[in-house]
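Protein chains in written order, with our numbering: chain H, 133 to 224; chain U, 4 to 387.
Cβ coordinates follow ideal geometry from the N, Cα and C atoms, glycine included.
Have a look at the structure below, then the notes.
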């Protein structure tokens with residue numbers, strides 16, 4: 133799986149599970165910040181990240197352990213998140 | 004209601020199949036009587052014994068909610084939030100610790116509940132959506148509304164077939180009269196969704212019940228053969244008279260009294276007919292000192308369910324024996340043909356009564372009876 137394919141899947145999750153408007157997601161780049169409270173970010177909050185985590189685990193067949201790891205940097209952008217997914221899949 | 008806590012109506016907001024807006028929208032939808040019941044369009048009805056419904060246009064919600072807000076709200080929560088905001092704007096009341104919310108709903112968020120359960124059935128625990136879960140709670144609409152309008156006084160949800168909206172308004176009046184809140188945004192909401200619609204139709208709970216006659220909504224008429232579902236949300240702002248006057252609010256009408264109770268009956272018995280030993284109508288008239296002859300009109304919950312229509316008529320005839328054939332009082336006026344059966348209809352009945360008295364009629368009785376025996380009565384009059 134390539135990083136572009138992961139990015140496309142993550143964008144699809146934003147539409148299908150986090151209910152973002154497709155036109156809004158189309159404007160998101162791999163560098164767009166995800167967390168709320170950051171200027172220009174997509175504005176995800178804790179519930180969004182929970183939904184995102186569970187969906188990623190299911191979609192990519194990986195485990196995200198948020199209890200023993202600080203995932204703040206991982207969920208900063210689609211770029212960092214896609215790299216994390218690829219690493220967990222053993223691709224990168 | 005005691006002298007210190009008289010309850011008045013200072014605003015209304017509605018999202019229904021006919022119109023969307025504040026007092027003017029309610030007024031116009033009642034006056035225009037635009038037909039809204041038609042073949043359901045938002046989901047396929049192939050093979051379904053019923054096909055009619057009163058639907059709210061999707062554009063009504065998308066144009067009134069910011070996408071970032073809308074994406075986190077289920078559709079029934081969106082209906083609630085939009086109607087509550089419209090009511091608050093209509094009343095020009097601020098949020099805060101003085102403002103409460105009471106939401107009545109017949110079915111709650113069935114759509115989200117189905118999605119949540121299907122997620123588990125298909126994918127086990129990984130299919131359980133954290134974003135969907137809050138919506139399976141009956142209180143989700145009240146919570147969303149309270150956040151949207153900044154209401155920090157009590158937030159209450161009531162479930163009841165047929166009279167959920169009436170019951171919500173009655174409970175809100177009691178909260179204000181009892182000093183628990185200076186103002187309460189109260190009303191009802193339901194949405195049409197395929198799973199619910201199909202199941203009710205298959206159970207024979209919708210027109211044409213038991214396959215009899217032509218499908219349609221004809222309360223109290225000889226050819227009544229079941230309700231037609233509608234959807235939407237209607238909310239009123241009920242407020243302490245002194246509080247309303249102090250802030251210069253426009254007072255539409257006064258809630259002279261509100262009462263509710265239950266007639267012991269077997270749930271969903273085929274033909275309910277029991278008398279009411281503790282009629283809320285009689286309690287209200289006795290408490291307010293208003294004679295039945297002074298009543299200008301009665302809005303009833305009759306929605307075309309033949310047995311409950313007949314029961315409502317019989318109950319009112321027992322309570323108002325000298326007026327059992329007075330047009331507009333018995334049989335009562337039903338708004339179900341205009342909007343379809345949903346919890347918002349109860350609040351629309353109260354709103355209609357408030358608009359009647361604001362145009363100079365005498366007191367209006369808003370009456371409700373559900374098949375299970377829950378009975379409500381709200382008396383609306385002109386503020387003196």
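Original post:
Can the beta-carbon of residue 164/H be found closer than 8 Å to that of residue 179/H?
Top reply: no
**OP:** Return helix, strand or coil for residue 227/U, following the three-state DSSP convention.
**Re:** coil
Subject >> Selected residue, minimal CA-CA separation from residue 191/H, among 170/H, 201/H and 220/H >> reply: 220/H
**OP:** Please look up how many angstroms separate the CB atoms of residue 151/U and residue 107/U, rounded, as I've assumed it's under 8 Å.
**Re:** Actually they are not in contact, since the Cβ atoms of residue 151/U and residue 107/U sit about 17 Å apart, beyond 8 Å.
Original post:
Exposed or buried, what is residue 274/U when buried is set at 16 or more other beta-carbons lying within 10 Å of its beta-carbon?
Top reply: exposed
Original post:
Among the residues of its own chain, which have a CB less than 6 Å from the CB of residue 132/U, if the five just before and after it don't count?
Top reply: 122
Subject >> Local Cβ density within 10 Å of residue 63/U, reported as buried at 16 or more and exposed below that >> reply: buried
Original post:
Between residue 78/U and chain H, is there a C-beta pair that is closer than 8 Å?
Top reply: no
Original post:
Roughly how many angstroms lie between the CA atoms of residue 187/U and residue 370/U, to the nearest whole one?
Top reply: 21 Å
Original post:
Just the Cα atoms here: how many angstroms apart are residue 127/U and residue 186/H?
Top reply: 12 Å
Original post:
Does the beta-carbon distance from residue 169/U to residue 17/U come in below 8 Å?
Top reply: no
**OP:** Label residue 312/U either buried or exposed according to how many other C-beta atoms from any shown protein chain fall within 10 Å of its C-beta, with 16 as the threshold for buried.
**Re:** buried
Original post:
Where does the unbroken alpha helix (DSSP H) through residue 143/U begin, and where does it stop?
Top reply: 143-152
**OP:** Pull up the distance between the alpha-carbon of residue 327/U and that of residue 319/U, whole angstroms please.
**Re:** 7 Å
Original post:
Using a beta-carbon distance below 8 Å, is residue 74/U in contact with chain H?
Top reply: yes
Subject >> CB of residue 285/U within 8 Å of CB of residue 322/U, strictly >> reply: yes
Subject >> Per-residue contacts from residue 186/H into chain U (C-beta, under 9 Å) >> reply: 128, 129, 130, 131, 132 and 133
**OP:** Please work out which residues of its chain come closer than 6 Å, Cβ to Cβ, to residue 142/U, disregarding the five sequence neighbours upstream and downstream, and give them in chain order.
**Re:** 160
Subject >> From 12/U, 337/U, 211/U and 147/U, residue whose alpha carbon lies closest to that of residue 94/U >> reply: 12/U
Subject >> Contact list for residue 71/U against chain H, beta-carbon separation under 8 Å >> reply: 175
Subject >> Selected residue, minimal CA-CA separation from residue 341/U, among 138/U, 33/U, 72/U and 293/U >> reply: 33/U
**OP:** Could you tell me which chain U residues have their CB closer than 9 Å to the CB of residue 152/H, listed as they occur along the chain?
**Re:** 70, 71 and 74
**OP:** Between the Cα of residue 145/U and those of 136/U, 157/U, 135/U and 134/U, spot the shortest distance and give me the residue it belongs to.
**Re:** 157/U
Original post:
How close, in whole Å, do the beta carbons of residue 209/U and residue 53/U come, if the pair is a contact with beta carbons under 8 Å?
Top reply: 4 Å
Original post:
What residues from chain U crowd round residue 203/H, counting only those whose CB sits closer than 8 Å?
Top reply: What residue 203/H touches in chain U: nothing, since even the nearest Cβ is about 16 Å away.
Subject >> Cβ contact (3+ pairs, closer than 8 Å) linking the region 209-221 of chain U and the region 293-311 of chain U >> reply: yes
Original post:
Measuring CA to CA, which of 348/U, 233/U and 87/U is closest to residue 149/U?
Top reply: 87/U
Original post:
Among 197/U, 167/U and 261/U, which one has its Cα closest to the Cα of residue 44/U?
Top reply: 197/U
Subject >> Minimum length 4: unbroken alpha helix (DSSP H) runs contained in the region 49-115 of chain U >> reply: 61-65, 70-73 and 78-94
**OP:** Report the neighbours of residue 183/H on chain U: residues whose CB is nearer than 9 Å to its CB, in chain order.
**Re:** 132, 133, 134 and 135
Original post:
When DSSP labels each residue in this structure, what does residue 335/U get in the three-state scheme?
Top reply: strand
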